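Asker:
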Amino acid sequence: MSASTSSDTYQPKTSLGRVTNFVDTRVGGSSIVKEFGRKIFPDHWSFMFGEVALYTFVILLLSGTFLTLFFDPSMAETHYDGSYVPLKGVEMSVAYASTLDISFDIRGGLFMRQLHHWSALLFVASVSVHMLRVFFTGAFRRPRELNWLVGCVLLILALAAGFTGYSLPDDLLSGNGLRIIDGVIKAIPLIGTYLSMLIFGGEFPGTAIVGRLYVMHILVVPALILLMIVIHLFMVVTHKHTQYPGPGRTETNVVGFPVGPVYAAKAGGFFFIVFGVVAVIAANFQILPIWDYGPYDPSPVSAGTQPDWYIGFVDGALRLMPGVLWGFPFEYVIFGGFTLSLNVLLPALVPAGILFGLMFGWPWIERWVTKDDREHHILDRPRNAPFRTATGVAGVIWYCVMWAAASSDLIATHFLVSLNDVTYWLRALFFIGPIIGFIVTRRICLALQRKDREIVLHGRETGRIVRLPHGEFIEVHAPLNDYKLHRLVSFESPEVQPAEPDANGKISGTENLRGRLSRFFFEDRVAPVTPAELAAAHSHGSHEEIETAESKAEISSH
Amino acid sequence: MGDHSHGSPKSSGTVATAGQSEVEKFQDPGLPPHRPRLADKDPRAEKRAEKQVAILFVISIIGTLLFFVGYFAIRLDETIATLRLQNFLLGMGTAFAMLGIGVGIVHWAKTLMPDHEIAEERHAVRTEEDRVIAETMVTEIIEETGIKRRPLIRNTLLGAMILAPLPAIGILRDLSEDLNPDVLRHTMWDAGVRLTRDPSGTPIKASDVTIGSAFHVIPEGLNEAEHKLEEKAKAVVLLMRLNPEDLHVSPGREDWNYNGIVAYSKICTHVGCPVALYEQQTHHLLCPCHQSTFDLTQECKVIFGPATHALPQLPISVDDEGYLVATSDFHEPVGPSFWERG
């Protein structure tokens, strides 16, 4: 197996060995095996989301290749002549007709379509959850800031891949989705109208858009995603993986399983599990039944129209925006004859801009506030970084409010409430939801940290109630072992870094802001227990401990 | 396994402790001791795990066979039932084929492969030594190009490089032949164009339109138009008849309705989705995409949602034969706003 250095001296004994040796002496596989064969990867269930993203992308490439062989992205008019009876003879585009053919007349076509669509939804979901894991554990900190940026770009590319694919079948739902894109593009000042006409090849809908999106969907976007994945994984190898805190785990080591055989088997096997799970979903749950919607026609639209989940937050923001607020219209004519549609521009661009701006900038924002530029390889438990966790939850709530707004009509019909009231509530939550989320999350984090302190200082509650000779009832607390103790005390707790004067002895405005942010984030921190505190808790301070010891003696004597 | 620089299960052990020098911190107790699994201690459990892995691989083989049963044994006969059954068999066959291998390998790794955690040292991302060498090399390379000594070359190169990509934007101009925003101002409607049903194209008599009814309307001749969908995306109209007393008609629009029959653009003024829902009781029109709500009795003024201006009204009348006709085009652009809309 592992070939030696010189082919002149090394004589392989088996036929597999001879093949391996042949390759090795020509391309040098030994060095790769030496480098990666026993490379250590830390293991934790939360690390699987990135793997799910990678594997669903592979499924997308496989099923997408199948679909490409049968799909015809033409918007030429045709009359349907396939086996789906209700649409026989109906006028439609070739793209829509070939999607029907894939669904009804090509063996396995429906399965591949559903496999492709479900794994696309899962791909964006796993990328998102993976990013949340990285964010909440602080894995984006130095030296991994650039990899975080690559991840952000990957998320945007995933959205682009999803949306371009969604529009290809040229059905009623996707056509109306494109109509919304057209309306949003037209709202861009100065160039919007021209941009729309360039994209659609003239007036909406035209006959060019599906072919253009097709090129993006099968060539440009997947190539970019692949490039980003390669860079992403290259950096993971360079940095080595982060690890959760624990006994024996330091900033200078990696604790886990070697690639060969354990990690390779687990990760490789997991690919098949992901494939299998997506196949179960694709076999049993119908998705995007375009034959129910019909071909695109600018006149009809179905009630309860929904975009795919990942684009919902933009659509929801469009719904939340009032056109006229207290008599003030968000669309007006400026410079004598030019229309500025803020009612479309603001919700379509600003929330997504803020969301992605903060995402891209967060590693630098946090570094600036904490003045922490050290390398970090040990992850934070989310409770031990209350400010970051609270900020993240606030962002998630903000996103989810917009996301829920994309289903405001379904919320209204399912819960039998007024559609307008749902919108009013969501508008309010858009502003106050993140604030409440921030406050509540930070309180929960601090409370959990205090609970950890309690456990360290007084031991674990055993649930055993003991009555003392003088009649008092106490619960016996068992002390922690060294390994559990280490997990609860070995974290860093950032302190307030007050604003510092510069060389001239003045505090600049930005430095002042930084100092205030630092105070806002860290002033009510909970520090980890120190050995001195633990010793104090064990010896003099607590008569409870002594009593516990006594009661233990008592119990054991029975 | 020969010589390698990294750890193996045998070299696993406790790790040097962090923060020892700092008095304030707890000492790292090192890696917890390894706990043997059942298969490590009991040969019977080991044998059982081995069989379980093999069974899972056999399930995968059965799954692949199931796929081929679905593929060859079921002939698509243009009914949904066979399609559904085939889809189910193909999907579940694939699922078992994949899950059998996946679960099998993971089970193998978790029960039978070594589960000792190993510690490996990290290396600096960049060593100081490499930086010094690289910096010297880059300095030499720059020196050999002479770019610092020849600012003329540097500046003209910069200028050329900034301008050179511009043609790439230029060649995209031909994505659309006609770039005139004015086409958005006009639709197929004109004086005398009959209102016809969508999608059949049959004309509508005023007497057909009873109070409370609603018609989806396209201009006569649309189905034969060269760019049918583009024309339709602008020209579709909703036609309704109200009690004339319910209508609030503004000055100048007195003759735009016919006996309480009114026609409004169906394209939402927000981002252009069709306004497809009509509430007969309240005379509200609602766009199902973003919930802009328009009040038919007040000339389709916006009463809720993100749209800012009313749906454009199509002035209508009847011709000699009693069919509804438009008396002119819309008086303003329909659909979403655009910069040049004014």
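As given, the protein sequences belong to chains A and B, one line each in that order.
2 is the number of the first residue of the first sequence in the numbering used here; add one for each residue after it.
440 is the number of the first residue of the second sequence in the numbering used here; add one for each residue after it.
The C-beta atom is built at its ideal place from N, Cα and C for all residues, glycine as well.
Everything numeric in this text was worked out from a predicted model, so none of it was measured.
Is residue 443(A) close to the ligand HEM? I mean its beta-carbon at under 7 angstroms from any heavy atom of the ligand.
Answerer: No copy of the ligand HEM occurs in the structure displayed, which carries no ligand at all.
Asker: Under 8 angstroms, CB to CB, which of the residues in the stretch 268-302 of chain A have a partner in chain B?
Answerer: 269, 270, 271, 272, 273, 274, 275, 276, 277, 278, 280, 281, 283, 284, 285, 297, 298, 299, 300, 301, 302
Asker: What in chain B is Cβ-close to residue 33(A), meaning under 9 angstroms?
Answerer: The contact set of residue 33(A) on chain B, defined by CB atoms closer than 9 angstroms, is empty, because the minimum CB distance reaches about 12 angstroms.
Asker: Go to residue 467(A), then tell me how far its beta strand (DSSP E) extends in each direction, as first and last residue.
Answerer: 461-468 is the span of the beta strand (DSSP E), which, as asked, contains residue 467(A).
Asker: Taking buried to mean at least 16 other C-beta atoms within 10 Å of its own C-beta, is residue 529(B) buried or exposed?
Answerer: buried
Asker: By the criterion of Cβ-Cβ separation under 7 angstroms, what are the contact partners of residue 195(A) in chain B?
Answerer: 618
Asker: In whole angstroms, give me the CA-to-CA distance for residue 603(B) and residue 670(B).
Answerer: Rounded to whole angstroms, residue 603(B) and residue 670(B) show a C-alpha spacing of 40 angstroms.
Asker: On the premise that residue 180(A) lies in contact with residue 799(B), defined as a C-beta separation below 8 angstroms, what is that separation, rounded to the nearest angstrom?
Answerer: The question about residue 799(B) has no answer, for chain B in this structure spans 440 to 781.
Asker: Taking the C-alpha atoms as reference points, what is the distance between residue 302(A) and residue 177(A)?
Answerer: 7 angstroms
Asker: Tell me the residue span of the alpha helix (DSSP H) that contains residue 167(A).
Answerer: 146-167
Asker: For residue 35(A), which option in 260(A), 311(A), 272(A) has the closest C-alpha, if you only look at C-alpha atoms?
Answerer: 260(A)
Asker: Excluding the 5 residues flanking residue 444(B) on each side, which residues of the same chain have their C-beta closer than 8 angstroms to its C-beta?
Answerer: Confidence at residue 444(B) is low in this model, with a pLDDT of 39, below 50, so its placement is unreliable and no value can be given for it.
Asker: Answer with buried or exposed for residue 770(B), where buried requires no fewer than 16 other C-beta atoms within 10 angstroms of its C-beta.
Answerer: exposed
Asker: Closer than 8 angstroms, CB to CB, is residue 739(B) near chain A or not?
Answerer: No, because no Cβ of chain A sits closer than 8 angstroms to the Cβ of residue 739(B).
Asker: Would you decide whether residue 605(B) is buried or exposed? Buried here means 16 or more other CB atoms lie within 10 Å of its CB.
Answerer: By the beta-carbon neighbour count (other beta carbons within 10 angstroms, threshold 16), residue 605(B) is exposed.
Asker: Can you confirm whether residue 524(B), when its beta carbon is compared against all beta carbons of chain A, has any partner nearer than 8 angstroms?
Answerer: no
Asker: Would residue 386(B) pass as an interface residue toward chain A - the criterion being a Cβ-Cβ separation below 8 angstroms?
Answerer: Outside the displayed range of chain B (440 to 781) lies residue 386(B), so it cannot be described from this structure.
Asker: According to DSSP, is residue 254(A) part of a helix, a strand, or is it coil?
Answerer: strand
Asker: If you follow the beta strand (DSSP E) that residue 636(B) is in, where does it begin and where does it stop?
Answerer: 634-636
Asker: Along the chain, where does the alpha helix (DSSP H) containing residue 734(B) start, and where does it finish?
Answerer: Taken as a continuous stretch (DSSP letters only), residue 734(B) belongs to no alpha helix (DSSP H), being part of the beta strand (DSSP E) at 732-734.
Asker: Counting along the chain, where does the alpha helix (DSSP H) carrying residue 539(A) start and finish?
Answerer: 532-539
Asker: Can you give me the C-alpha to C-alpha distance between residue 515(A) and residue 251(A), rounded to a whole angstrom?
Answerer: Their backbone Cα atoms lie some 30 angstroms apart in a straight line.
Asker: Could you pull out every residue in the same chain whose Cβ sits closer than 6 angstroms to the Cβ of residue 149(A), ignoring the five residues on either side in sequence?
Answerer: 141, 364
Asker: Chain A beta carbons: is any one of them nearer than 8 angstroms to that of residue 531(B)?
Answerer: yes
Asker: Within 10 angstroms of its Cβ, does residue 536(B) collect 16 or more other Cβ (buried), or is it exposed?
Answerer: buried
Asker: Where DSSP assigns a beta bridge to residue 554(B), which residues make up the other side?
Answerer: Paired residues: none, contrary to the question.
Asker: Alpha carbon to alpha carbon, what distance is there between residue 564(B) and residue 15(A)?
Answerer: 40 angstroms
Asker: I'd like to know whether the C-beta of residue 752(B) is nearer than 8 angstroms to at least one C-beta of chain A.
Answerer: no
Asker: What's the C-alpha gap between residue 728(B) and residue 97(A)?
Answerer: Their Cα atoms are separated by approximately 22 angstroms.
Asker: Report the residues of the stretch 474-486 of chain A with a CB closer than 9 angstroms to any CB of chain B, ordered along the chain.
Answerer: 482, 483, 484, 486
Asker: If the criterion is Cβ atoms closer than 8 angstroms, does the pair residue 206(A) and residue 291(A) meet it?
Answerer: Taking a C-beta distance under 8 angstroms as the contact criterion, residue 206(A) and residue 291(A) do not qualify as a contact pair.
Asker: Name the chain A residues that come within less than 7 angstroms of residue 622(B), Cβ to Cβ?
Answerer: Ordered by position in chain A, the residues that pass the 7 angstroms Cβ test against residue 622(B) are 204.
Asker: Taking all protein chains shown into account, do 16 or more other C-beta atoms lie within 10 angstroms of the C-beta of residue 446(B), making it buried, or fewer, making it exposed?
Answerer: Note that residue 446(B) has pLDDT 42, beneath the 50 cutoff, so the model's placement of it is unreliable and the number below is only indicative. Residue 446(B) comes out buried.
Asker: Can you find a CB in chain B that lies within less than 8 angstroms of the CB of residue 180(A)?
Answerer: yes
Asker: Since I believe residue 309(A) is in contact with residue 163(A) (beta carbons under 8 angstroms), could you give me their beta-carbon distance rounded to a whole number of angstroms?
Answerer: 6 angstroms
Asker: Spell out the partners DSSP gives residue 727(B) in its beta bridges.
Answerer: Its beta-bridge partners do not exist; DSSP assigns none.
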